[in-house]
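Student:
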Amino acid sequence: GESVGLHLPTLSVQEGDNSIINCAYSNSASDYFIWYKQESGKGPQFIIDIRSNMDKRQGQRVTVLLNKTVKHLSLQIAATQPGDSAVYFCAETRYNQGGKLIFGQGTELSVKP
Amino acid sequence: EAEVAQSPRYKITEKSQAVAFWCDPISGHATLYWYRQILGQGPELLVQFQDESVVDDSQLPKDRFSAERLKGVDSTLKIQPAELGDSAMYLCASSLALDRGLYEQYFGPGTRLTVT
């Protein structure tokens, strides 16, 4: 069946280190991917997106990599800060689904000062 | 900065009672979504509106859940009767224009429902 999932449920890093959060998807027809950050008690917040015609996209301190061959997505956070502590979700959608997002389970990132 | 508004933020209700949640999307956003998020999991879509029309309610338990967006702006999600398994976070999101490929969804703070 179709699914979007994360390899690691929890990730603990030292402040200043780089973080890598991984995500696997099962449907090669997926053509748009989004990373969301969700802090405790809040709704998901858009971080960065990538379309299937790209393999890398960079934002401010974040980079998303897409490997369509192995259906893998990753989020890299440079110089991780305590404020980055949150649960991170990847989500997929397809143009023929009218924007319907399918979310993975989430990875909790904990940043140690 | 414009935000999606939701109320109430927290709701405690007894099973078999009725409960309603309200969402006001970002002004001008034609598409509105209701999601349910169980603790520790990603959000799951319940219903999607394009203006006042439902475009996807395939995951909405229609025997007890209903949603409306009468004037194509704000929306209400209702549960009647509530069951213990409905305890979750209910999230509302909106996006600007799917027909222009603008898929970014902006989420509200959610309503945390506890059914006792």
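Residue numbers (the numbering used here), protein chains in the order written: chain A, 1 to 113; chain B, 114 to 229.
Quick reminder that beta carbons are idealized off the backbone N, C-alpha and C, glycines included.
Here the structure is a predicted model, which means the values were calculated and not measured.
Would you mind working out which of B:Ser200, B:Gly223 and B:Ala206 sits nearest glutamine 130 of chain B, comparing C-alpha positions?
Tutor: With distances taken between Cα atoms, glutamine 130 of chain B lies closest to B:Ser200.
Student: Taking the alpha carbon of aspartate 137 of chain B as the point to measure from, which residue in B:Ser120, B:Arg225 and B:Tyr148 has its own alpha carbon closest?
Tutor: Taking only the C-alpha atoms, the option nearest aspartate 137 of chain B is B:Ser120.
Student: DSSP on aspartate 84 of chain A, reduced to helix/strand/coil?
Tutor: Helix.
Student: So that I know if they touch, is there some Cβ in chain B lying closer than 9 Å to that of leucine 73 of chain A?
Tutor: Chain B contact via Cβ: absent.
Student: Are glutamate 92 of chain A and tyrosine 36 of chain A touching if we call contact CB-CB under 9 Å?
Tutor: No. Outside cutoff.
Student: The beta strand (DSSP E) spanning methionine 54 of chain A covers which residue range?
Tutor: Taken as a continuous stretch (DSSP letters only), methionine 54 of chain A belongs to no beta strand (DSSP E), as it is neither H nor E.
Student: Could you list which residues in chain B have their beta carbon closer than 7 Å to that of lysine 42 of chain A, in chain order?
Tutor: Those within 7 Å of lysine 42 of chain A in chain B are Pro222.
Student: Which residues mark the beginning and the end of the beta strand (DSSP E) in which threonine 229 of chain B is found?
Tutor: No beta strand (DSSP E) contains threonine 229 of chain B, which DSSP labels as neither H nor E.
Student: Report the neighbours of glutamate 217 of chain B on chain A: residues whose CB is nearer than 8 Å to its CB, in chain order.
Tutor: Per Cβ cutoff of 8 Å: Ile34, Phe46 and Asp49.
Student: If you draw a straight line from the C-alpha of glutamine 172 of chain B to the C-alpha of leucine 226 of chain B, how long is it?
Tutor: C-alpha separation (whole angstroms): 19 Å.
Student: Out of curiosity, what's the CA-to-CA distance linking leucine 209 of chain B and phenylalanine 134 of chain B?
Tutor: One C-alpha to the other measures close to 22 Å.
Student: Flag this pair as yes or no: are the beta carbons of valine 117 of chain B and alanine 206 of chain B separated by less than 9 Å?
Tutor: For valine 117 of chain B and alanine 206 of chain B, yes; Cβs fall inside 9 Å.
Student: Quick test of your reading: glutamine 81 of chain A and valine 62 of chain A, contact by CB under 8 Å. State the CB separation rounded to the nearest angstrom.
Tutor: Not quite, the Cβ-Cβ distance comes to about 12 Å (not below 8 Å), so this is no contact.
Student: Under the rule that 16 or more other beta-carbon atoms within 10 Å means buried, what is glutamine 47 of chain A, buried or exposed?
Tutor: The sequence given here places isoleucine at residue 47 of chain A; glutamine does not occur at that position. Flag for isoleucine 47 of chain A reads buried.
Student: Any idea if isoleucine 125 of chain B is buried or exposed, counting beta-carbon neighbours within 10 angstroms, 16 or more meaning buried?
Tutor: So isoleucine 125 of chain B ends up on the exposed side.
Student: At which residue ranges does the region 137-223 of chain B contain complete beta strand (DSSP E) runs of 3 or more residues, listed in the order of the chain?
Tutor: Taking only runs of at least 3 residues, the beta strand (DSSP E) segments lying wholly in the region 137-223 of chain B are 144-150, 157-163, 166-169, 178-181, 188-192 and 201-208.
Student: Assign alanine 86 of chain A to buried or exposed, taking buried as 16 or more other Cβ atoms, counted over all protein chains shown, within 10 Å of its Cβ.
Tutor: So alanine 86 of chain A ends up on the buried side.
Student: Mind pulling the chain A residues with CB within less than 9 Å of serine 208 of chain B?
Tutor: Residues of chain A passing the Cβ test: Gly99.
Student: Looking at chain A, is there any beta carbon in it that lies within less than 9 Å of the beta carbon of arginine 149 of chain B?
Tutor: No, arginine 149 of chain B does not count as interfacial toward chain A.
Student: Whose C-alpha, out of B:Leu145, B:Glu181 and B:Ile151, is nearest the C-alpha of leucine 197 of chain B?
Tutor: Looking at the Cα atoms, B:Ile151 is the closest of the given residues.
Student: Applying the 10 Å Cβ sphere with the 16-neighbour rule, what's the burial state of alanine 79 of chain A?
Tutor: Alanine 79 of chain A comes out exposed.
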